[in-house]
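In our numbering, the protein residues as written are 2 to 200.
Written out as structure tokens, the structure is:
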């Protein structure tokens, strides 16, 4: 009788230990799942915040462009094609609403500004204009801030993309439809050249 009772107690203890181990494993998986989801959300928020900083500098540049163009127009009346490209790029940026659209609009603006800078180099009187010099200094500051903001944005995108593509976090990413974010890259070789802002 004591042997049967001892066997039953041993079986019950074994069952409760098994249930306890299973419960601990389930709790650990749930905690990992929640932590992974929260990390993915945090990385996405950092990426969106980083792009909002780029957006601020794009807006500053957007607001500065008309003043710069008007100042240069008086000196370079026959360069209308360049001014049209800058104006079109500026208009494109007003229509952009998503991050990929804004990235494309910025690429168009950078390309147009590259041509614009080349035109202004031909006019020594313009380079001596105080108003133009002030606008040029503001634009140089904005361009430097944009470079830093793009670097930070790309770092946040890299961290998010790495988490989305890494196992086992990719399971959570797929379940909640986290998508690979687009890096802020330039497409054309001309855009990759340093823009000369000093006139």
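Ideal Cβ positions, reconstructed from N, Cα and C, are used throughout, including at glycine.
Q. What are the complete alpha helix (DSSP H) segments, minimum 4 residues, inside the segment 80-139?
A. 81-96, 100-121 and 125-128
Q: Output yes or no for whether 7 Å exceeds the beta carbon distance between residue 52 and residue 153.
A: no
Q.
If the criterion is Cβ atoms closer than 7 Å, does the pair residue 37 and residue 170 meet it?
A. yes
Q: Alpha carbon to alpha carbon, how far is residue 164 from residue 174? Give it in angstroms, no decimals.
A: 8 Å
Q.
Quick check on residue 146: does DSSP put it in helix, strand or coil?
A. helix
(Q) Nearest by alpha-carbon distance to residue 42: which of 185, 184 and 162 is it? (A) 162
Q) Hey, residue 109 and residue 103: beta-carbon distance below 7 Å or not? A) no
Q. Looking at C-alpha atoms only, which residue of 186, 15 and 63 is the closest neighbour of residue 156?
A. 186
Q. For residue 48, does the count of other Cβ atoms within 10 angstroms reach 16, so buried, or fall short, so exposed?
A. buried
**Q.** Spatial distance of residue 114 from residue 45 (CA atoms)
**A.** 31 Å
Q.
Taking only three categories from DSSP, how would you classify residue 175?
A. helix
Q: Flag this pair as yes or no: are the beta carbons of residue 148 and residue 182 separated by less than 7 Å?
A: no
Q. What's the C-alpha gap between residue 124 and residue 57?
A. 31 Å
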